[in-house]
Ligand code: ATP
């Protein structure tokens, strides 16, 4: 069986318990050699990111510090220009021997827009994808992403790992109903966020006064 390496990309503005707890449950369900957590630099889909790249990197490191088999990877932050998943996937594939199986990990909401990703067809053929369930975010049956899911879905974990690329595995993880936008909204509105983020991250946000002055639209 090939060694499984995960890539978990995100804006992490800020990182929250939905990110860490879903990865924790994934690690309990599947054996990974490691999961590389990669905050994006200039996200192609997200014009307004509030925390700086360095702040997001620091928060991600704090939040994932207590989990085993996690590597926080700053390659997208260091790269100039937009953070395209396909470029990151190619770079990560080159880090491991050809026996490894590289899979991109994302929530159902991210997978729902996969057909808008840069060179998405090539991306889908390059890596495997794990889609983690996310509360209230299902993949609409009338979409291209749903069609992709049905065409490429594999139910058996071993077959998925062995196939190495082009396949999708749906995993039900312990539901954590939280989002970065909800946290930004709560902080801006003076509401508590303690239940949603790691304590050290909460302290960092308080010290740096992040999300107090600037806010964007909140999506639940
Ligand atoms: P925002 O609310 O600003 O859109 P977000 O909470 O979705 O942010 P991201 O950093 O954009 O956070 O998410 C990174 C990855 O983590 C994505 O693949 C997303 O689907 C997944 N994810 C985020 N929150 C959860 C959650 N609560 N459960 C499962 N997956 C999640």
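Residue numbers (this note's numbering): 475 to 694.
By construction, the Cβ of each residue, glycine as well, lies at the ideal position given by its N, Cα and C atoms.
Per DSSP, what are the beta-bridge partners of residue i in this structure?
i: residue 606; result: 581, 645
i: residue 499; result: Beta-bridge pairing links residue 499 to no other residue.
i: residue 546; result: 511
i: residue 684; result: None; residue 684 has no bridge partner.
i: residue 556; result: 516
i: residue 479; result: 508, 576
i: residue 611; result: 608
i: residue 627; result: 642
i: residue 677; result: Partner(s): none; residue 677 has no beta bridge.
i: residue 484; result: 513
Have a look at residue i and residue j and give me their C-alpha separation to the nearest angstrom.
i: residue 560; j: residue 543; result: 23 Å
i: residue 610; j: residue 665; result: 22 Å
i: residue 547; j: residue 563; result: 12 Å
i: residue 694; j: residue 492; result: Legend: pLDDT at residue 694 = 49, less than 50; position of this residue unreliable, value from coordinates given subsequently. Taking the straight line from one Cα to the other gives about 13 Å.
i: residue 524; j: residue 506; result: 32 Å
i: residue 613; j: residue 645; result: 13 Å
i: residue 586; j: residue 687; result: 31 Å
i: residue 594; j: residue 604; result: 15 Å
i: residue 581; j: residue 616; result: 18 Å
i: residue 570; j: residue 510; result: 12 Å
i: residue 499; j: residue 568; result: 27 Å
i: residue 630; j: residue 597; result: 22 Å
i: residue 554; j: residue 522; result: 17 Å
i: residue 669; j: residue 655; result: 15 Å
i: residue 683; j: residue 550; result: 25 Å
i: residue 501; j: residue 495; result: 10 Å
i: residue 602; j: residue 637; result: 8 Å
i: residue 632; j: residue 475; result: 8 Å
i: residue 508; j: residue 634; result: 17 Å
Is it true that the CB of residue j sits closer than 7 Å to the CB of residue i?
i: residue 661; j: residue 652; result: no
i: residue 672; j: residue 537; result: yes
i: residue 530; j: residue 513; result: yes
i: residue 626; j: residue 642; result: yes
i: residue 545; j: residue 489; result: no
i: residue 640; j: residue 589; result: no
i: residue 607; j: residue 566; result: no
i: residue 558; j: residue 592; result: yes
Inset, instruction - Indicate whether the contact test is met: 3 or more Cβ pairs, each with one atom in the region 478-488 and one in the region 577-591, closer than 8 Å. - result: Yes, the region 478-488 touches the region 577-591.
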